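Chemist: Got a structure here, written out as C-alpha cells. Questions coming.
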Amino acid sequence: MKIGILALQGAFIEHLHTLRSLGVEAVEVRTTTELTGLDGLIIPGGESTAILKLARHYHMIKPLQEMAKAGIPIMGTCAGMVLLANKVTESDLQTLCLMDIEVRRNASGRQVDSFETDLAIPDIGGEPFHAVFIRAPYIKHLGAGVETLARLDDGTVVAVRKGNLLALAFHPELGHDTRLHEYFLKMVRASKKEIAR
Ligand code: GLN
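Pasting the structure below:
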C-alpha cells in the first residue's frame with residue numbers, strides 16, 4: 140500500500156510521519172507523475188488558496204479529480220477539506236469540486252482563535268478524539284449521501300465522509316492519536332479490494 144501526501148504547501152510532514160509510524164509506505168507528492176500508482180492520497184492543512192494555485196500551476200487539478208473519480212480514497216484535512224468541497228461560502232474559489240459540501244473558510248476564527256476539543260467520533264470507536272482546529276473551515280451544507288462523522292457541541296459539522304472521500308475540518312496529524320489515519324487506511328484497503336475485483 141502506497142499513500143501520497145500532497146506536499147505543495149502546508150502541514151504535510153506530520154501526515155508523513157504519522158503514516159510511517161503506522162508502518163505504511165508514504166511519499167510526498169508534488170508532480171502529476173508522483174500521483175500515479177498511489178492507493179490513497181492525503182491533502183493536508185495549510186492555505187487552500189496557495190495549495191490550489193500551486194496545483195493549478197503544476198497541472199495537477201485534472202489528475203486529482205480523475206483520481207477521486209476512479210475511487211481512490213482521498214482524505215482532506217482543514218485546507219484539504221476546502222479543496223474537496225464543491226462550494227466555498229461567499230467566495231468564488233475554484234476548488235477541486237469533488238464532494239457535495241459547502242464550507243466556510245476560516246469559520247473558526249483567526250489564528251489566535253485556534254482551539255482544541257474532544258470530539259465524539261463513533262465510527263473510530265473508543266474514547267473521544269482530541270482535535271486541533273486552526274483557522275478551520277466549517278461545513279455549512281451537506282448534500283445527499285454525505286455522512287456526518289463528527290460535530291462540535293454546538294452542532295457544527297466538522298467531519299464527513301462520502302464513499303472514497305473523507306473530509307476533516309481539523310488537524311488529525313497533530314497529536315499522537317492515529318485512529319483517523321487508521322480509519323483512512325481501512326478505506327484504502329477496502330478500495331484496493333474493490334478495484335482488484
Ligand atoms: N484557513 C485555511 C484555508 O482556508 C485553512 C487553515 C488550515 O489548514 N489550518 O486555507
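Residue numbers for the sequence shown follow the working numbering, so the first one is 140 and each next one is one higher. Using N, Cα and C, we set each Cβ at its ideal position, and we do this for glycine too. A quick note: this is a predicted structure, and the numbers were derived from the prediction, not measured.
#1: List the endpoints of the continuous alpha helix (DSSP H) containing Ala-189.
#2: Who are Asp-257's beta bridge partners in DSSP?
#3: Can you tell me whether Ala-105 is helix, strand or coil according to DSSP?
#4: With a threshold of 16 other CB atoms inside 10 Å of the CB of Gln-148, please say whether the residue is buried or exposed.
#5: Can you tell me whether Ile-211 is helix, strand or coil according to DSSP?
#6: Looking only at its own chain, which residues have a Cβ that is under 8 Å from the Cβ of Met-206, when we skip the five neighbours before and after it?
#7: Check whether the Cβ of Ile-142 lies closer than 7 Å to any heavy atom of ligand 1, and answer yes or no.
#8: Please state the DSSP three-state secondary structure of Asp-262.
#9: If contact is defined by three or more beta carbon pairs under 8 Å, each pair taking one atom from either stretch, is the region 321-330 in contact with the region 231-244?
#10: At a cut of 8 Å, does the region 287-295 reach the region 190-200 through at least three beta carbon pairs?
Modeler: The answer reads as follows:
#1: Position 50 of the sequence shown, counted from the first residue, corresponds to residue 189. Residues 187-196.
#2: As a position in the sequence shown, residue 257 is number 118, starting the count at 1. Asp-257 is bridged to His-269.
#3: No answer is possible for residue 105: it lies beyond the span of the chain, which begins at 140 and ends at 336.
#4: Within the sequence shown, residue 148 is the residue found at index 9, counting from 1. Result: buried.
#5: In the sequence shown, the residue the question calls residue 211 occupies position 72. Here Ile-211 sits in coil by DSSP.
#6: Here residue 206 refers to the residue found at position 67 when the sequence shown is read from its first residue. Excluding residues within five positions, the ones whose Cβ falls inside 8 Å are Leu-174, Leu-177, Leu-180, Ile-213.
#7: Counting from 1 along the sequence shown, the entry for residue 142 is found at position 3. Of the heavy atoms belonging to ligand 1, none sits nearer than 7 Å to the Cβ of Ile-142.
#8: For the purposes of this step, residue 262 is identified with residue 123 of the sequence shown, where counting begins at 1. Asp-262: helix per DSSP, three-state reduction.
#9: Look at the beta carbons and you see the region 231-244 not touching the region 321-330: under three pairs across the two are nearer than 8 Å.
#10: Fewer than three Cβ pairs drawn from the region 287-295 and the region 190-200 lie within less than 8 Å of each other, which leaves the two stretches out of contact.
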